[in-house]
Amino acid sequence: MHQLVAFQRYAEAFAGAGYPLAALSVDPPARAAKLRQDLELSFPLLCDPARATVQAWDLYNRRERGGIAVPATVILAADGYIELFAREAMAQRLRASDVLAAVTSGGGSPVKHGFWPGMRDWWRALVH
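For the working numbering, add 49 to where a residue sits in the sequence shown, where the first one is 1.
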């Protein structure tokens, strides 16, 4: 959730660069809608409660909590090709600012950074 909030801060810049944001959730639509509202996200949360997409993209962890999505950042070009596919870990993510810099400059891949959740992040995870 921390990463969703971080990307929200750059949503207008991504859209202006031709990369409108969307996120994929394995939650049912009602739960995803509540999360989107609670986090004040301007971009859509696409729902995959059957986990078909995350399984097809090899982003499904069957061993944790009955099956959850593995965090990832995917950048699709206007022609539908994947520009960036970064499979991430819970505590190691790409920074939104680095991803934006990579897509706007045409530079290399952004670097993953460690993230340790704060109390607010833990609370959001428990509530949602």
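Where is the CB? At the ideal position from N, CA and C, for every residue including glycine.
Just so it is clear, the structure is predicted and the values come from calculations on it, not from any experiment.
Item: Over what stretch of residues does the alpha helix (DSSP H) that includes V152 continue unbroken?; Value: 145-154
Item: From which residue to which residue does the beta strand (DSSP E) around V54 run?; Value: Segment 51-58 is the alpha helix (DSSP H) holding V54; no beta strand (DSSP E) there.
Item: Could you check whether A72 and L95 sit closer than 8 Å to each other, using their CB atoms as the reference points?; Value: yes
Item: Label L149 either buried or exposed according to how many other C-beta atoms from any shown protein chain fall within 10 Å of its C-beta, with 16 as the threshold for buried.; Value: buried
Item: Taking only three categories from DSSP, how would you classify L90?; Value: coil
Item: I need the straight-line Cα distance from F134 to Q86, nearest angstrom please.; Value: 27 Å
Item: Check for me: the alpha helix (DSSP H) holding A105 runs from which residue to which?; Value: 101-105
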